[in-house]
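Please read the structure below before turning to the comments.
2 protein chains.
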Amino acid sequence: MLNPATEALARLLPQGVMREIAPAYLEEPRGRFRGQAGLVAAPRDVEEVAAIVRACEKARVPIVPRGGGTGLVGGQVMPDGAVPLVLSLERMNRIRDVYPEEGVIVVEAGATLQQVREAAAKAGRQFPLALASQGTAQIGGLLATNAGGVNVLRHGNARALCLGVEAVLPQGQIMHDLKRLRKDNTGYDLRDLLIGAEGTLGIITAASLVLAPVPAETGVAMMVVESPEAALTLLSLAQARMAGGVTAFELISGQGLRFLDVAFPDLRQPFATRPDWLVLVEVGLPAGLSADEALEVLFTDATEAGLVSDGVIAQSGQQAAELWAIRETIPEANRHVGAIASHDISLPLSEIARFIRDASAMLAGMADLRINCFGHLGDGNLHFNLFPVEGKTRDAYDAIRRDLSRAVHEMVVARGGSFSAEHGVGRLKAADLARWGDPARLGAMRAIKDALDPAGIMNPGVILA
Amino acid sequence: MLNPATEALARLLPQGVMREIAPAYLEEPRGRFRGQAGLVAAPRDVEEVAAIVRACEKARVPIVPRGGGTGLVGGQVMPDGAVPLVLSLERMNRIRDVYPEEGVIVVEAGATLQQVREAAAKAGRQFPLALASQGTAQIGGLLATNAGGVNVLRHGNARALCLGVEAVLPQGQIMHDLKRLRKDNTGYDLRDLLIGAEGTLGIITAASLVLAPVPAETGVAMMVVESPEAALTLLSLAQARMAGGVTAFELISGQGLRFLDVAFPDLRQPFATRPDWLVLVEVGLPAGLSADEALEVLFTDATEAGLVSDGVIAQSGQQAAELWAIRETIPEANRHVGAIASHDISLPLSEIARFIRDASAMLAGMADLRINCFGHLGDGNLHFNLFPVEGKTRDAYDAIRRDLSRAVHEMVVARGGSFSAEHGVGRLKAADLARWGDPARLGAMRAIKDALDPAGIMNPGVILA
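Put into structure tokens, the structure is as follows:
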């Protein structure tokens, strides 16, 4: 049994860590969960984090670790149970060290992604985690949720970009493992266990991260494809030619473009007639090879192969940014229209085209809907989001929302896919994990949770409900 | 307390799994440990593995999982304690499925690396794990030890190449997690926990692995550098030009070349005067860019920058293989000479050059030695091996062997490095881990071990002594 966070607990905590319980600490972007907080603490260093965790463990008070709060599955709020202490990493936001010659940066958990990207750029390198919420999302949360984004195809997700962590474990132990090593086979991979554990096994307080070289040549193109099948064949063709130089490969649907027309009529779109399917291709190539020419050759070959019917290659950084803006504005246009249900799914690449067809047909038999299917096609990761038909609002679908999501997820799981590709489990999908998770895997997860957090204070209700 | 494996236990196991206790099951390549075995079992499928594990768990009999037996830290043998059952994966050696269009292959744990590489090549792809023991090393062992090799710089270690595993946990539960997904954020990362756990948390029985596209253009060069510093600057230069296209960057010392002269006088070496330091550079580049020309430009720039004084660029596949043979034959030449002590260490890149200098000076003060320092410089991973001076044998150093290794490892750890970069901990370095491991990390490792393997039957004495 857990106890609520009280003023008596606050008096046991390090001087000056307490914060006002501002509403922002209790919110999440989709507004599905409303958090409660008895206390908000913002420690300034890892020792203060450890002291807070020890005090909470002793008092059996739940802790909700909080980064930028941009997570989409409710992992950053605790709507019920014993009123928690919210532990915000906002004041631990320093860039500790940059090692350009090593390709390493060491940062505190509260640093925003944008801060880290800017520090990398200043050192002539790039930190290749890229997602729309970079101004707010913090490194600690990005690691805790193993965030994805648009460059996973080339550089991997957040896990692949982390060499070491400093963390506070659920009984207040400080784990010093901020290594700057590419190779270190000295025992169990606790770093990767904490990454993706969504704050349920401890609190990441700092991380050493990979900085990649900036490619000598970069280019962006948008190409009109007939179908998701054609898009995947185009991806294969591009990868065969580019030797790992395809840094992003994003699918955009005609529905997404039409939502942009409604929500952002001033946003310039390259094709006057909105095509059914588009891909955005980004490449990063060696010196001596023009990215424009490489994209031109790809476009020509793809056209001859019947994969592509139209296209545009950015002729400047400005144009490249405009093409990216189309992709990056889609989530905002979605919010403007108001989704009935969103699905962050992944599938084996060879199942994707069939899934899009079959799921669309299945859903058409369940309700009148519009589907905006878009996302990181190169990773097999789709955002498969359902919207009301024109003239209806999302409320009209309240009665069947769960059934729709259940049907989508069931089809995904049956085809070897995942019901949470990059957003994580949080509270939103804890029941899904209990339903579809492999029993042996769930049992081992529970055993690890109980072993590391016997009091059960770390973000209760997240992942393992 | 554990019990010895007996005939009574054998009668409880599935029909036909027992094997003769051949000497090969009790050996490891460096001859430092001699295994014991009461039983050897070679199951044919995951259900048989699970049945064996359940029977051993019930009888409290230790299990030593065994792949190809090429590991260098004694993780594949149990020299003392209750006589174990050796569980060999040799009969689970099928390539289950190849998905070229997905870039995925699903294989059983007993398949050799060579088998997997050949299956990948047949499908027009590559499996980019590459190491000298590929004909013997098996996928299960390579994953259990998170093997490295020569292409980690571009493709990561074994962990980075694994998308999913099927495994038997220490109480006989079968974990089905053979996903073919690039993104799957559904709970704790048990895959990465099993990878690198060296058989102490369960037995990997199959894996889905990443197949990479074959680069359109490849090239190999060998360049003479003045010093390790110059080699690292050359690496930076190469990476800045090649946009991730540097697939290998190996350091070779003059000592290594002279050992080759002694042990393999017929092996052709490109430089008549043996230089102090060489690097082998391999690149994989996009279509439209000649690898030869790219290496030529790199060589010219590096020469002008004073980094490189001589070089050779392979003009054919044959020549490339000859250059690689120099690198790959060094371990064999080392065995011919007979090392006093070998060290598989990694360091932050910016510490490497200074470490080589300081460690060499320190050792010169301790004993008359020859040092062969070589390895995966791009990963910060050196094999820093000590040899007798001419006219002495390794036995002459018996009294100081431990002191030498201790001094090397202490210097490595003090500079933020690892005393086991790619070989793992096994039995050989369990005491090192206990000495130098972070206490909070060790505590969490122990808690996880006890939670998943309460009877302590899985490869006892490995990692956590």
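For the protein sequence lines, the chains are A and B, in the order given.
Start counting the first sequence at 1; every next residue gets the next number (the working numbering).
Start counting the second sequence at 466; every next residue gets the next number (the working numbering).
From the three backbone atoms N, C-alpha and C, an ideal C-beta is built for every residue, glycine too.
With 16 as the cutoff for other CB atoms within 10 Å, does residue i come out buried or exposed?
{"i": "residue 918 of chain B", "result": "buried"}
{"i": "residue 754 of chain B", "result": "buried"}
{"i": "residue 662 of chain B", "result": "buried"}
{"i": "residue 104 of chain A", "result": "buried"}
{"i": "residue 304 of chain A", "result": "exposed"}
{"i": "residue 182 of chain A", "result": "buried"}
{"i": "residue 512 of chain B", "result": "exposed"}
{"i": "residue 438 of chain A", "result": "buried"}
{"i": "residue 273 of chain A", "result": "exposed"}
{"i": "residue 536 of chain B", "result": "buried"}
{"i": "residue 7 of chain A", "result": "exposed"}
{"i": "residue 317 of chain A", "result": "exposed"}
{"i": "residue 408 of chain A", "result": "buried"}
{"i": "residue 792 of chain B", "result": "buried"}
{"i": "residue 829 of chain B", "result": "exposed"}
{"i": "residue 780 of chain B", "result": "exposed"}
Is the Cβ of residue i closer than 8 Å to any Cβ of chain A?
{"i": "residue 651 of chain B", "result": "yes"}
{"i": "residue 557 of chain B", "result": "no"}
{"i": "residue 821 of chain B", "result": "no"}
{"i": "residue 764 of chain B", "result": "no"}
{"i": "residue 862 of chain B", "result": "no"}
{"i": "residue 566 of chain B", "result": "yes"}
{"i": "residue 688 of chain B", "result": "no"}
{"i": "residue 912 of chain B", "result": "yes"}
{"i": "residue 693 of chain B", "result": "no"}
{"i": "residue 586 of chain B", "result": "no"}
{"i": "residue 768 of chain B", "result": "no"}
{"i": "residue 937 of chain B", "result": "With chain B covering only 466 through 930, there is no way to say anything about residue 937 of chain B."}
{"i": "residue 924 of chain B", "result": "no"}
{"i": "residue 903 of chain B", "result": "yes"}
{"i": "residue 906 of chain B", "result": "yes"}
Taking C-beta to C-beta, are residue i and residue j nearer than 8 Å?
{"i": "residue 475 of chain B", "j": "residue 561 of chain B", "result": "no"}
{"i": "residue 773 of chain B", "j": "residue 760 of chain B", "result": "no"}
{"i": "residue 898 of chain B", "j": "residue 187 of chain A", "result": "yes"}
{"i": "residue 676 of chain B", "j": "residue 591 of chain B", "result": "yes"}
{"i": "residue 955 of chain B", "j": "residue 818 of chain B", "result": "Because residue 955 of chain B is not part of the residues shown, which for chain B are 466 to 930, the question remains open."}
{"i": "residue 345 of chain A", "j": "residue 418 of chain A", "result": "yes"}
{"i": "residue 458 of chain A", "j": "residue 63 of chain A", "result": "yes"}
{"i": "residue 440 of chain A", "j": "residue 480 of chain B", "result": "no"}
{"i": "residue 121 of chain A", "j": "residue 143 of chain A", "result": "no"}
{"i": "residue 900 of chain B", "j": "residue 927 of chain B", "result": "no"}
{"i": "residue 381 of chain A", "j": "residue 422 of chain A", "result": "yes"}
{"i": "residue 766 of chain B", "j": "residue 697 of chain B", "result": "no"}
{"i": "residue 869 of chain B", "j": "residue 854 of chain B", "result": "no"}
{"i": "residue 764 of chain B", "j": "residue 686 of chain B", "result": "yes"}
{"i": "residue 503 of chain B", "j": "residue 470 of chain B", "result": "yes"}
Strictly under 8 Å for the Cβ-Cβ distance: is residue i near chain B by that measure?
{"i": "residue 213 of chain A", "result": "yes"}
{"i": "residue 126 of chain A", "result": "no"}
{"i": "residue 189 of chain A", "result": "yes"}
{"i": "residue 196 of chain A", "result": "yes"}
{"i": "residue 146 of chain A", "result": "yes"}
{"i": "residue 72 of chain A", "result": "no"}
Is there at least one non-hydrogen atom of the ligand MG closer than 7 Å to the beta-carbon of residue i?
{"i": "residue 138 of chain A", "result": "Looking at this structure, you won't find the ligand MG or any other ligand, since it has none at all."}
Alpha helix (DSSP H) segments (min. 4 residues) lying fully within the region 218-287 of chain A | 228-242, 254-263
Name, going along the chain, the residues of the region 173-185 of chain A whose beta-carbon falls closer than 9 Å to a beta-carbon of chain B.
-> 173, 174, 175, 176, 177, 178, 179, 180, 181, 182, 183, 184, 185
Proximal residues, the region 409-431 of chain A versus chain B, C-beta separation under 9 Å = 416, 417, 418, 419, 420, 421, 422, 423, 424, 425, 429
Would you mind listing the alpha helix (DSSP H) stretches within the region 545-616 of chain B that are 4+ residues and don't spill past its ends, in chain order?
-> 578-587, 604-609
Hey, which unbroken runs of the alpha helix (DSSP H) at 4 residues or more fall wholly within the region 185-212 of chain A?
-> 190-194
Proximal residues, the region 744-760 of chain B versus chain A, C-beta separation under 8 Å | 749, 750, 751, 752, 753, 754, 758, 759
Can you list, in chain order, the stretches of the alpha helix (DSSP H) that have 4 or more residues and sit fully within the region 469-526 of chain B?
-> 472-475, 511-524
Short-range partners of chain A found in the region 827-844 of chain B, where Cβ spacing is below 7 Å | 844
Where the region 148-159 of chain A meets chain B: residues whose CB sits under 7 Å from a CB there | 148, 152, 157
Scan the region 695-716 of chain B for residues whose Cβ lies nearer than 8 Å to a Cβ of chain A and list them as they occur along the chain.
-> 697, 701, 704, 705, 706, 707, 708, 709, 710
Mind pulling the beta strand (DSSP E) runs of 3 or more residues that sit fully within the region 825-875 of chain B?
-> 834-841, 846-853
In chain order, what residues of the region 34-52 of chain A put their CB closer than 8 Å to some CB of chain B?
-> none
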